[in-house]
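Residue numbers (the working numbering), protein chains in the order written: chain A, 344 to 443; chain B, 251 to 412.
Quick reminder that beta carbons are idealized off the backbone N, C-alpha and C, glycines included.
Encoded as structure tokens, the structure appears first; notes follow it.
In structure tokens, the structure reads:
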């Protein structure tokens with residue numbers, strides 16, 4: 344039986360890598376995939392906490408996170424494709440229209 | 251024995267996450283992410299959550315990553331990140347900030363692990379699914395509304411303007 348602290352530590356490392364990926368990459372698709380990485384790390388932490396408490400809440404939360412992530416990916420990719428259709432370039436540094 | 255398996259799977263997870271971060275080609279990144287999602291599914295299986303593991307493989311590694319690969323093939327990126335980075339100094343800040351974030355998360359994990367652990371009651375697949383269709387019925391139904399809204403939104407976004 345693995346102590347859940349190990350799962351939480353792995354989740355922390357993966358979450359950090361996902362956030363760093365969001366910051367250092369310039370391709371919006373890779374940034375989006377890094378967000379998915381961070382989401383998965385959070386899922387792992389939820390499952391580890393659910394295992395510690397012995398209740399099904401963690402499992403249920405992960406199921407709903409998966410459904411929301413599916414919707415989020417569909418909409419996000421559609422937005423990226425729409426931006427590419429207008430701009431014909433795909434670098435995150437060009438997208439400063441809505442920045443103050 | 252279980253610890254060795256955990257360490258191997260954790261190594262695959264961290265290595266594939268690093269691959270996603272460091273490879274320039276987004277297709278390689280997507281395949282690394284598939285490996286990462288698969289290793290997390292293996293961890294769910296080790297913890298005894300079979301349904302989550304299969305849902306992870308089908309929904310994440312299957313459906314979502316196929317969507318990503320389609321988007322990558324449609325957009326044909328890959329040369330955007332080859333040129334010199336105009337904001338290199340700012341992006342290098344990611345290393346110290348990432349280390350700070352990791353230290354903070356590690357502090358939380360260490361602080362929480364000191365708490366006494368109650369004996370976990372076994373919650374198998376049938377019992378947890380019974381909870382899904384009783385206590386969590388309303389969120390379950392709302393999820394279908396959310397997916398429908400996402401589908402309509404994507405159709406609107408993808409519609410070609412005349």
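State the DSSP-derived secondary structure class of residue 413/B, mapped to helix, strand or coil. Here chain B has residues from 251 to 412 only, and residue 413/B is not among them.
With a cut-off of 8 Å, do at least 3 Cβ pairs link the stretch 302-320 of chain B to the stretch 348-358 of chain B? The stretch 302-320 of chain B, when compared against the stretch 348-358 of chain B, does not touch it at the 8 Å Cβ threshold.
How would you write the range of the alpha helix (DSSP H) that residue 431/A sits in, first residue to last? In the first chain, the residue the question calls residue 431/A occupies position 88. Counting along the chain, residue 431/A falls outside any alpha helix (DSSP H), and DSSP gives it neither H nor E.
Residue 307/B: first and last residue of the uninterrupted alpha helix (DSSP H) it sits in: Stepping through the second chain from its first residue, residue 307/B is reached at position 57. First-last for residue 307/B: undefined, no H or E at that position.
Members of the stretch 374-385 of chain A near chain B, C-beta cut-off 8 Å: Taking 8 Å as the Cβ-Cβ cut-off, the stretch 374-385 of chain A approaches chain B at 375, 376, 377, 379, 380 and 383, given in chain order.
is_contact[residue 384/B, chain A] using C-beta, thresh 8 Å: Mapped onto the second chain, residue 384/B falls at position 134. Any Cβ of chain A closer than 8 Å to the Cβ of residue 384/B would place that residue at the interface, and such an atom is absent.
Is residue 386/A helix, strand or coil by DSSP? As a first step, residue 386/A must be located in the first chain, where it is residue number 43. Helix.
Quick check on residue 251/B: buried or exposed, where buried means 16 or more other Cβ atoms within 10 Å of its Cβ? Within the second chain, residue 251/B is the residue found at index 1, counting from 1. Label assigned to residue 251/B: exposed.
Cβ distance (whole Å) where residue 390/B is taken to contact residue 382/B below 8 Å: If you number the second chain from 1, residue 390/B lands on position 140. If you number the second chain from 1, residue 382/B lands on position 132. A Cβ-Cβ separation of about 6 Å places residue 390/B in contact with residue 382/B under the 8 Å criterion.
Whose CA, out of 400/B, 280/B and 273/B, lies closest to the CA of residue 320/B? Within the second chain, residue 320/B is the residue found at index 70, counting from 1. Ranking 400/B, 280/B and 273/B by Cα distance to residue 320/B puts 280/B first.
Cβ-based neighbour list, residue 288/B, same chain, cut-off 6 Å, excluding 5 preceding and 5 following: For the purposes of this step, residue 288/B is taken as the residue at position 38 of the second chain. Excluding residues within five positions, the ones whose Cβ falls inside 6 Å are 311.
Alpha carbon to alpha carbon, how far is residue 349/B from residue 298/B? Give it in angstroms, no decimals. As a working note, residue 298/B is residue 48 in the second chain. As a working note, residue 349/B is residue 99 in the second chain. Take the alpha-carbon of residue 298/B and the one of residue 349/B: they are about 32 Å apart.
Coarse secondary structure for residue 441/A, derived from DSSP in three states: Counting from 1 along the first chain, the entry for residue 441/A is found at position 98. Residue 441/A carries a coil assignment under DSSP once its states are collapsed to helix, strand and coil.
Taking only the alpha-carbon atoms, compute the straight-line gap between residue 356/A and residue 380/B and give it to the nearest angstrom. Locating residue 356/A in the first chain gives position 13, counting from the first residue. Locating residue 380/B in the second chain gives position 130, counting from the first residue. Whole-angstrom Cα-Cα distance: 33 Å.
Would you grab the beta carbon distance between residue 414/A and residue 400/B for me? Rounded to a whole angstrom, and I think it's under 8 Å. Stepping through the first chain from its first residue, residue 414/A is reached at position 71. Stepping through the second chain from its first residue, residue 400/B is reached at position 150. Confirmed, about 4 Å.
Note the first and the last residue of the continuous alpha helix (DSSP H) segment covering residue 219/B. Absent from the model: residue 219/B. The displayed extent of chain B is 251 to 412, so no value can be given.
Do residue 409/A and residue 305/B count as a contact pair if the criterion is CB distance below 8 Å? In the second chain, the residue the question calls residue 305/B occupies position 55. In the first chain, the residue the question calls residue 409/A occupies position 66. A contact, by the Cβ cut-off of 8 Å.
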